[in-house]
Each structure stands twice: as C-alpha cells, then as structure tokens.
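S.K.: Chains as they are written, first to last, in the working numbering: chain A, 45 to 159; chain B, 2 to 116.
Glycine included, every Cβ here is placed at the ideal spot set by N, Cα and C.
Treat the numbers as computed from the prediction; the structure is a model and nothing was measured.
#1: Suppose you measure from the CA of residue 130 of chain A to the CA of residue 83 of chain A; what does that come to, to the nearest Å?
#2: Does the distance from the CB of residue 47 of chain B to the CB of residue 61 of chain B come in under 7 Å?
#3: Quick one: grab the DSSP three-state call for residue 144 of chain A.
#4: Please state if the CB of residue 139 of chain A and the CB of residue 95 of chain A are separated by a distance shorter than 7 Å.
#5: When the cut-off is 7 Å and only beta carbons count, does residue 83 of chain A lie next to chain B?
#6: Answer yes or no: do residue 99 of chain B and residue 24 of chain B have a C-beta to C-beta separation smaller than 7 Å?
#7: Inspect the beta-carbon positions of residue 74 of chain B and residue 30 of chain B and report whether they are closer than 7 Å.
#8: If you check the beta carbons only, do residue 142 of chain A and residue 32 of chain B fall under 7 Å apart?
#9: Is the Cβ-Cβ distance between residue 90 of chain A and residue 108 of chain A less than 7 Å?
#10: Note down the Cα distance separating residue 126 of chain A from residue 157 of chain A, rounded to an integer number of angstroms.
#11: Per DSSP, which one or two residues make a beta bridge with residue 57 of chain B?
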C-alpha cells in the first residue's frame, strides 16, 4: 500500500533525446507527487511536483504526466542535456500539514545523457 | 538562497558508539525530517518532527534513534549504539507548511560509516 514503483532503473539517451521515467503508486490517498533530482554526493533537490487536480504540469524542459485512474505518473525531459545526467526519484505523499515532507520514494532512475 | 545545512559531511564511527548528526533547517521552516539512503538504494523516511515532538516515524526509526531540537536552530539525529547496517547517507529536510506550493528542502547529507 505504501510502495512507489519506479522504472527503469537506469536510462541512457543521446543529447536531445526525451527520457521518460515512470512511477506507479498504490495508496489512493496520496495527493502529492514530487520528482527529485540527485547528483552524486548531493542531497535530493525538488525538480517539479504535481497534485492530482491536473493531468500534466510543465516547467521548462521537465513535464510530469499524471494518470489518476491508473495511479501512474511519469517524468519527461525534453531536449535532454549532459548536465541532466543524475539520479531521478519519484515520490508520493499527502498534501496537507507537513506531510509534503513525509514521502515515499521510488528506487530511483540513473539517467546518463551522452553528448 | 536559504538552504538546509548538515554537519559533519562524513562521520566514521566504531560499531556500538553513539553518533549525533546535526542539521540546521531553513530558519522559518516548521517541519523537520530525517531520511536515510543506503548506498545505491532509495531514500527512506525515518522521522518527522513538529512543534517539538515527533509527528511520524517509520519502522526503521527504532529505540536506537532519537531526535531533538535542542535550541532554536539545530535539529539532531542521535543513534545510540551504531550497527554496521546504519552505514548510509542521512539527509535532513525542512518544510514550511501552509503554502500552496510548499516543498521539502533537503540538506547535502552526512555520510555515516560504521566500522
């Protein structure tokens, strides 16, 4: 009930490609879905987050697609760059009080963007 | 830009010893969290802290762990008697609730190595 399943585990794309990372959750009570980006030796940094009142959210080259009925959400990175090479974590939680910090994380996707 | 600060960046300790990991959350934040990340694995929630008490904790956060906000700025995680399996990156995070787009900000982490 509390799991967030993330795939693929790793991903290699050429510069300019559009990597897609998928996540699925089980707990229908979740209503906050952030994506975090982590570079080696650093802490996770929020990239973009979506709440289930919308099916898509775009910020710059990053887009989240959300399918509430399927309990799935995905991250697309348009025109990917070598600097996007990092580990990406999806997460899920509740959108009230301080619960946006009490998150269930996926296992992460290590993205490599080749020049 | 305000940030969550963690010290030390790396701590090596002998099995059975007590360690205290320190965090300075962002100054106007009210919710505080500890997470851990075993090497190569996902980020796991340990505990959340609000209004000077634990608000939620995970199964990982057993009696060996404790948290404290000893003054107005620091937030600490104590592991009473470290085990080899406590070796991990420990991340502190903080959040200001009540905003529409609130998010948890993570520190850079403390790498704990138990030998």
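M.R.: Quick look at the numbers:
#1: 5 Å
#2: In this structure, residue 47 of chain B sits near residue 61 of chain B, with a CB-CB distance shorter than 7 Å.
#3: helix
#4: The answer is yes: Cβ separation under 7 Å.
#5: Chain B has no Cβ within less than 7 Å of the Cβ of residue 83 of chain A.
#6: no
#7: For residue 74 of chain B and residue 30 of chain B, no; Cβs fall outside 7 Å.
#8: With contacts defined as CB atoms closer than 7 Å, residue 142 of chain A and residue 32 of chain B qualify as a contacting pair.
#9: no
#10: 5 Å
#11: B:49
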